[in-house]
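Colleague:
In this note's numbering, the protein residues as written are 678 to 877.
1) Leaving aside the five residues before and after residue 796 along the sequence, list all residues of the same chain whose C-beta is less than 8 Å from its C-beta, in chain order.
2) Hey, how far is the Cα of residue 720 from the Cα of residue 684?
3) If the criterion is Cβ atoms closer than 7 Å, does the pair residue 850 and residue 835 meet it?
4) Nearest CA to the CA of residue 788: which residue from 687, 806, 755 and 702?
5) With a CB to CB cut of under 8 Å and the five nearest residues on each side skipped, what residues in its chain are close to residue 772?
6) Alpha carbon to alpha carbon, how far is residue 699 from residue 857?
7) Buried or exposed, going by whether 16 or more other CB atoms sit within 10 Å of the CB of residue 847?
8) Cβ atoms of residue 863 and residue 813: under 7 Å apart, would you say?
9) Using DSSP bridges, identify the partner residues of residue 820.
10) State the Cα-Cα distance for the pair residue 736 and residue 872, rounded to the nearest angstrom.
11) Buried or exposed: where does residue 854 fall if 16 or more other Cβ atoms within 10 Å of its Cβ makes it buried?
12) Measuring alpha carbon to alpha carbon, tell me which residue in 852, 729 and 840 is nearest residue 829.
13) Give every residue of the same chain whose Cβ lies closer than 8 Å to the Cβ of residue 908, excluding the five residues on either side of it in the sequence, and list them in chain order.
14) By Cβ distance below 6 Å, which residues in the same chain neighbour residue 804 in space, the five residues on each side in sequence not counted?
15) Taking 6 Å as the limit between beta carbons, can you name the residues of its chain near residue 832, skipping five residues before and five after?
16) Does the beta-carbon of residue 823 have 16 or more other beta-carbons within 10 angstroms, so that it is buried, or is it exposed?
17) Output the distance between the C-alpha atoms of residue 701 and residue 825, rounded to the nearest integer angstrom.
18) Among 696, 687 and 704, whose alpha-carbon lies nearest the alpha-carbon of residue 717?
19) Rounded to whole angstroms, what's the CA-CA distance from residue 706 to residue 741? Just pull it up for me.
20) Quick one: give me the first and last residue of the beta strand (DSSP E) that residue 705 is part of.
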């Protein structure tokens with residue numbers, strides 16, 4: 678396994694994984710770097726894994742390198758795990774963080790602090806050169822605050838207080854957030870899986 682293609686157009690995500698995998702002898706490239714930046718996939722799966730698998734398979738059907746794709750979401754217990762797989766379009770418009778946060782606060786208006794438990798989940802689908810499929814998950818537990826706090830990060834970060842902390846993801850430094858985040862946990866699991874596959 679010499680190359681790993683990340684089925685994303687997000688260069689920051691690519692840099693993040695390059696950093697985590699820097700001591701493994703694998704070159705991580707974005708789909709843009711191999712000429713597939715126009716390959717778009719409709720994320721209409723019922724689960725995060727369905728969406729990440731769909732994105733990974735769309736690329737795996739065209740090239741013979743190892744591929745990863747990811748998806749993530751916020752799952753709130755009091756809302757029966759919503760926004761979940763629809764996290765980025767919870768208020769109806771894709772990627773509108775302000776409206777999504779507004780809707781989340783409104784939906785939790787009547788919910789007491791102890792019942793506002795939630796978790797961020799990040800999933801990664803890995804498809805090897807031999808077309809074997811592995812599913813990896815990272816989870817960060819926490820709860821939803823009553824107001825937006827901090828301007829760091831994006832999405833629901835200003836509302837999410839991770840377990841063991843009193844500050845939101847929007848207030849925590851990148852250094853702390855990156856050590857406890859769902860994405861980081863999923864990427865560490867991915868690293869372990871890649872090392873295992875290389876050894877075998």
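Note that beta-carbon positions come from the ideal geometry of N, C-alpha and C, so glycine has one too.
Modeller: According to the structure data:
1) Position 119 of the chain shown, counted from the start, is the residue given in the question as residue 796. Excluding residues up to 5 positions away in sequence, 751, 752, 816, 817, 818, 819 and 859 lie with their Cβ nearer than 8 Å to the Cβ of residue 796 in the same chain.
2) Here residue 720 refers to the residue found at position 43 when the chain shown is read from its first residue. Here residue 684 refers to the residue found at position 7 when the chain shown is read from its first residue. Linking residue 720 to residue 684 through their CA atoms gives a straight-line distance of about 13 Å.
3) Working through the chain shown from its first residue, we reach residue 850 at position 173. Working through the chain shown from its first residue, we reach residue 835 at position 158. No, the pair does not count as a contact, with Cβ atoms beyond the cut-off.
4) Position 111 of the chain shown holds residue 788. Ranked by Cα distance from residue 788, the options 687, 806, 755 and 702 are led by 755.
5) The residue you call residue 772 lines up with position 95 of the chain shown. Excluding sequence neighbours, residue 772 sits near 765 and 766.
6) By 1-based counting over the chain shown, the position of residue 699 is 22. By 1-based counting over the chain shown, the position of residue 857 is 180. Residue 699 and residue 857: Cα-Cα distance of roughly 20 Å.
7) For the purposes of this step, residue 847 is identified with residue 170 of the chain shown, where counting begins at 1. So residue 847 counts as buried.
8) Taking the first residue of the chain shown as 1, we reach residue 813 at position 136. Taking the first residue of the chain shown as 1, we reach residue 863 at position 186. Yes, they are a contact pair.
9) Translated into the one-based positions of the chain shown, residue 820 becomes position 143. Answer is 794 and 838, bridged to residue 820.
10) Counting from 1 along the chain shown, the entry for residue 736 is found at position 59. Counting from 1 along the chain shown, the entry for residue 872 is found at position 195. For the pair residue 736 and residue 872, the Cα-to-Cα distance works out to about 22 Å.
11) For the purposes of this step, residue 854 is taken as residue 177 along the chain shown, with counting starting at 1. By the Cβ neighbour-count rule, residue 854 is buried, with 16 or more other Cβ atoms within 10 Å of its own.
12) The count along the chain shown starts at 1 and reaches residue 829 at position 152. For the residues 852, 729 and 840, the minimum Cα distance to residue 829 belongs to 852.
13) Residue coverage of the chain in this structure runs from 678 to 877, which leaves residue 908 outside it and unanswerable.
14) Taking the chain shown and counting its residues from 1, one reaches residue 804 at position 127. If we look at residue 804 and ignore the five residues flanking it on each side, its Cβ neighbours are 733, 737, 744 and 810.
15) Numbered from its first residue, the chain shown carries residue 832 at position 155. Excluding positions up to five away in sequence, the list reads 774.
16) Walking along the chain shown from the start, residue 823 turns up at place 146. Flag for residue 823 reads exposed.
17) Locating residue 701 in the chain shown gives position 24, counting from the first residue. Locating residue 825 in the chain shown gives position 148, counting from the first residue. If you take the alpha carbons of residue 701 and residue 825, they lie about 39 Å apart.
18) Here residue 717 is taken as the residue at index 40 of the chain shown, counted from 1. The residue with the shortest Cα to Cα distance from residue 717 is 687.
19) Walking along the chain shown from the start, residue 706 turns up at place 29. Walking along the chain shown from the start, residue 741 turns up at place 64. About 14 Å.
20) Here residue 705 is taken as the residue at index 28 of the chain shown, counted from 1. 704–707 is the span of the beta strand (DSSP E), which, as asked, contains residue 705.
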